[in-house]
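J.: My numbering numbers the first residue of the sequence shown as 396 and each following residue consecutively.
Even glycine gets a Cβ: it sits at the ideal position worked out from N, Cα and C.
I'd like to ask some things about the structure below.
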Amino acid sequence: MQPRAALRNVVAGVRRAMVAVALFSIVINLLMLTVPIYMMQMFDRVLPTKHTDTLLLLTAMALGAVLLMSAIEIVRARIMVRLGAWIDRQLSGPLLEASLNESLRRSGAGVQGASALRELNTLRQFITGPSVFPILDSPWVPFYLTIIFFLHPMLGWISVAGGVLVFLFAVANDVLTRPVMSKATRSTNQALYRADAAVRNADVIAALGMAPSLVSKWRMAGEEGLVSQSVASDMSGVIASMARMMRMFVQVGILGAGAYLVIEGEITGGAMIGASIILGRAMAPIEQSINAWRGFTGARNAYRSISQLIARQDDIDDPMTLPDPSGHLQVEAVTFVPPGQREPILRQITFEAQPGEQVGLVGPSASGKTTLSRLLVGSWIATAGAVRLDGADFAYWDASDRGRHIGYVPQDVELFEGTVRENIARLAEADPTEVVAAAKLARVHDMILHLPDGYDTQIGEGGVRLSGGQRQRIAMARAVFGDPKFLVLDEPNANLDRDGDMALLETLKDLKARGCTVVIVTHRPAILDHVDTVVVLNQGRVEMRGPRDEVLEKLTGAGQRQLPGQPGGALTGAANGHPVTAPAPRPSNSGGVAVQPLPPGSDSRISIQLGRTRSPTPPNVEHASEG
C-alpha cells in the first residue's frame, strides 16, 4: 500500500476504533459512580434504618457493577493493544518504504536510517500503555463536577476551583516541557544514528583503536539530549508534586465544607462522603495526565514526524507496467547536485548505448563515476537531464517495475540477512531453477555448492560469513537474476582473484550474446578488453567517448608501445594530472597504432596527458570537455 493511502487508512481505522472505545468509556465512567452511590446509600439508608437486607442487596449490586466495570476495562485495554498492533502492521511497511525513498531523494545525505520506525514504535507504545487511559477519561471530568453541583453548589464550586488549578498545572507542564522534550528527542535520535553507524563499522573501529575516542565523542553528542531530558523530567516532577498537593488541598476543603453543611443540615453525611469520592474520581484523570503528558508529547511528536515523512511521498495508484525494454540506454545532459551543496558532481553527461553494447566508464578518483552509476540504475534522480531505458525516464518509471529489468553490482556490496538463495532471488519467492540459472550465468554455482548448506547457507547480516570475493560474486548472480536487459557494474572485480576475474569475463561474454547492455565502472584494465565503447569522466564531465580502441589510442597517443607480455597489457596515463590505467589499445581498423614491444630495461609505465597527445584525434572519438 502506498504511504499516504496507508496513513489515511490508519486514521480512518483509529476513528472507528475510538468510537467503540468511547462507548466503553461511557459505561466505565458511569460505573465509576458505584462506590460513591453505595456510600451515600449506606450512610443515608442502611445505617439509620439498620436494615440488613437492604445492606445485602446494595452490596450485591455494587459488587456486580464493579465486576462489570472491570470486565469492560479489560476489553477496552485489549482494543487499544490490538489497535496499536494493527497500526504497526499497517504503517511499518509503508514507513520503511518511505524511509528508503527519503534516503534516495536526499541521495543518502542526512537521513537517520529508519528513524520513522522508531517513531512508530513510540506511538504504538503510548497507545498500548497505561498512559492513554487518563487522557481518554479526562472529558468526563465536567460530568463528575456537575454531579457534585447537584449535591450542593458550594461543594461544586470548590471542586471546579480545584479542577481548574490542577488543569492549569497540566497546561504548564505541556508548555514548559514541550520544547525541551522535542530537543531531547532530536538529540537522542542523532545519538542513536551515530551509534548505529559505529556498530556498522566495528571492524574499522577495532582495527584502528578508535573505540575510546568514538565513545567519548558519542557521549558528548548525547549529553545534550540527556541534559534536556533531565530538565524536562525535573519540570514535570515539580509540576506533578504541586498538582498532587493541590488535589489534597481541595480534598480536605471539600470534606471540611461538607462537614459544615452537614452540621447546618443542608446535606446528609452520605452526600459529604459521596462528594469527596466523586471529586477524587474527577481529579484523578487530570493528575494522572500530568504524569502521562511526557508520553503523550512523545507520541504526538512521533505522529507529526510520521505525517511529515509520508506527506513528502508521492502516491502512485496502480502504476502502469511498461513493456520489457530491449536495453537501449540514453543519458541526456545529466547534471547532479547533491542535497545541501551548490557545486554539481556531474555536469551535462551525455552518451548512449545500444542493446547488447558494453560500455567502459573510466576516469580518475572523484570524477563522478560511482555517482553516475547510481543515476544509471535509478537509485538517485538527476537534478537536470534524464536517464532513459528504451525511452522511459527513470524519474517517472515505477521502481518495482523498472527493477525487474536492471541489474546492479555496487562498489560496496551489501548482502542481506538470509540465505544465499534468497539474496540471489532479490529476497523474493522464486523458482529454484531461476536462482540456479542466475548463479550459473555468474559462474558462482560451484562455489555455492561448496558452502556449508549450499544455496540454503545463512550468510549473516551484510554477508559477514562470506569473504569479500564471495559476496561480490553472489552480488553478480543477484544482478543477473531474472535475465535483466541492463546492467551497471561498479568495480565488479575489486575483490576477485584470478579465477573470479576469469569467471566475470565469461559472464560478460554471455551477457553480450544475450543482448544485455552493460556499463562497467572500473580502474582495472583487463576488463576493458571486452567493452565496445569507453567513456572517460574527469571532474564530473565527459572528457572523451567513442569506440574502445580509438579512445584508448587517443589516451595513449600514436606510437606508444605495448607493455611486455600478452596483448592487452596495462598502460598508465594521466588525466589532467590524475592517474588513469587502461589496457594497451588493439590495432584499430581506422588507422590504429603500431604496437611494438618495449626495449629491455625500459620503464613499463608510460605517462601521458589527456587531450595533449601528439597524434590527431581518431575520427570516431568525441572530445566533450563540457559534457
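(1) For the alpha helix (DSSP H) containing Q747, list its first residue and its last residue.
(2) DSSP three-state label for T778, please.
(3) Per DSSP, what kind of secondary structure is E901 in: helix, strand or coil?
(4) Would you identify the three-state DSSP class for G877, choosing helix, strand or coil?
(5) Tell me the DSSP bridge mates of E727?
(6) How is the beta strand (DSSP E) around Q753 delimited, first residue to last?
(7) Does the beta-carbon of D532 have 16 or more other beta-carbons within 10 angstroms, so that it is buried, or is it exposed?
(8) Return helix, strand or coil for G648, following the three-state DSSP convention.
(9) By alpha-carbon positions, which one of V430, A472, I474, R477 ends up nearest to L458?
(10) If you reduce the DSSP assignment to three classes, tell me which class L882 lands in.
(11) When the Cβ atoms of the stretch 476 to 493 are set against those of the stretch 434 to 448, are three or more pairs found closer than 8 Å?
(12) Pick from S608, R737, A679, G664: whose alpha carbon is nearest that of R642?
(13) Give me whichever residues DSSP pairs with Y803 in a beta bridge.
(14) Between the Cα of E492 and the Cα atoms of I705, N404, L540, which residue gives the shortest distance?
(15) Between the alpha carbons of V414 and W688, how many angstroms are there, rounded?
(16) Is V883 near V914, with beta carbons less than 8 Å apart?
(17) Beta-carbon within less than 6 Å of A989's beta-carbon, same chain only, minus the 5 sequence neighbours each way: which residues are those?
(18) Using a 10 Å radius around the Cβ and a threshold of 16 neighbouring Cβ atoms, would you call A833 buried or exposed?
(19) I believe V416 touches R471 by the beta-carbon criterion, under 8 Å. Please report the beta-carbon distance rounded to the nearest angstrom.
(20) Should M435 go down as buried or exposed, given a rule of 16 or more other Cβ atoms within 10 Å for buried?
(21) I need the boundaries of the beta strand (DSSP E) containing L932, first residue and last residue.
(22) Am I right that F876 and R821 are in contact with their C-beta atoms under 8 Å? What's the rounded C-beta distance?
(23) Given 8 Å as the limit, is there contact between the stretch 915 to 924 and the stretch 868 to 875, that is, 3 or more CB pairs closer than that?
(24) So what does I915 bridge to, in DSSP terms?
(25) Report buried or exposed for D826, applying the criterion of at least 16 other Cβ atoms within 10 angstroms of its Cβ.
(26) When DSSP labels each residue in this structure, what does Q397 get in the three-state scheme?
(27) Does Q708 come out as helix, strand or coil in the three-state DSSP assignment?
(28) Express the C-alpha separation of K904 and S983 in angstroms, rounding to a whole number.
(29) Between which two residues does the alpha helix (DSSP H) holding E812 run?
(30) Are the CB atoms of I522 and E468 nearer to each other than 8 Å?
(31) Measuring only the C-alpha atoms, how far is V946 from L900?
(32) Does E938 come out as helix, strand or coil in the three-state DSSP assignment?
(33) Is P992 buried or exposed, if buried means 16 or more other CB atoms sit within 10 Å of its CB?
(34) Can you list the alpha helix (DSSP H) stretches of 4 or more residues lying completely in the stretch 527 to 598, in chain order?
(35) DSSP on Q853, reduced to helix/strand/coil?
(36) Going by alpha carbons, who is nearest to T692 out of T572, Q585, G675?
T.: Short version:
(1) Contrary to the premise, residue 747 reads as Glu rather than Gln in this sequence. According to the DSSP assignment, E747 belongs to no alpha helix (DSSP H) but to the beta strand (DSSP E) extending over 741 to 748.
(2) Reduced to three states, the DSSP call for T778 is coil.
(3) E901: helix per DSSP, three-state reduction.
(4) It is coil, neither helix nor strand.
(5) Per DSSP, A781.
(6) 753 to 757 is the span of the beta strand (DSSP E), which, as asked, contains Q753.
(7) The residue is buried, with at least 16 neighbouring Cβ atoms inside 10 Å.
(8) Helix, per DSSP.
(9) Ranking V430, A472, I474, R477 by Cα distance to L458 puts V430 first.
(10) For L882, the secondary structure class from DSSP, reduced to helix, strand or coil, is strand.
(11) Output reads no: the stretch 434 to 448 does not touch the stretch 476 to 493.
(12) Considering only alpha carbons, the answer is A679.
(13) Bridge partners of Y803: V883.
(14) Out of I705, N404, L540, I705 has the C-alpha closest to the C-alpha of E492.
(15) For V414 and W688, the distance between alpha carbons rounds to 23 Å.
(16) Against a cut-off of 8 Å, the Cβ pair of V914 and V883 comes out as a contact.
(17) Only weak support exists for where A989 lies, its pLDDT of 30 falling under 50; the coordinates are left without a value.
(18) Classification of A833: buried, given that the 10 Å Cβ count is 16 or more.
(19) So it is a contact: roughly 6 Å between Cβ atoms.
(20) With 16 or more Cβ atoms within 10 Å of its Cβ, M435 is classed as buried.
(21) Looking at the DSSP string, the run of the beta strand (DSSP E) that includes L932 is 928 to 933.
(22) Sure, about 6 Å apart at Cβ, within 8 Å.
(23) Pairwise C-beta distances place the stretch 915 to 924 out of contact with the stretch 868 to 875, as fewer than three of them are shorter than 8 Å.
(24) I915 is bridged to G755, L884.
(25) The residue in question, D826, is exposed, as its Cβ has fewer than 16 Cβ neighbours within 10 Å.
(26) Residue state, collapsed to three classes: coil.
(27) Here Q708 sits in coil by DSSP.
(28) Bear in mind that a pLDDT of 39 at S983, under 50, signals an unreliable position, so the number given afterwards is only what the model happens to contain. The straight-line gap separating the alpha-carbon atoms of S983 and K904 is approximately 21 Å.
(29) Looking at the DSSP string, E812 is not in any alpha helix (DSSP H), and its letter there is neither H nor E.
(30) With contacts defined as CB atoms closer than 8 Å, I522 and E468 fail to qualify as a contacting pair.
(31) Pairing V946 with L900, the inter-Cα distance amounts to about 21 Å.
(32) The DSSP-derived three-state label of E938 is strand.
(33) Bear in mind that the predicted position of P992 carries a pLDDT of just 35, short of 50, making it too unreliable to give a figure here.
(34) Fully enclosed alpha helix (DSSP H) runs of 4 or longer: 527 to 532, 536 to 546, 548 to 595.
(35) DSSP, read as helix, strand or coil, puts Q853 in strand.
(36) Residue T572 holds the alpha-carbon nearest to the alpha-carbon of T692 among T572, Q585, G675.
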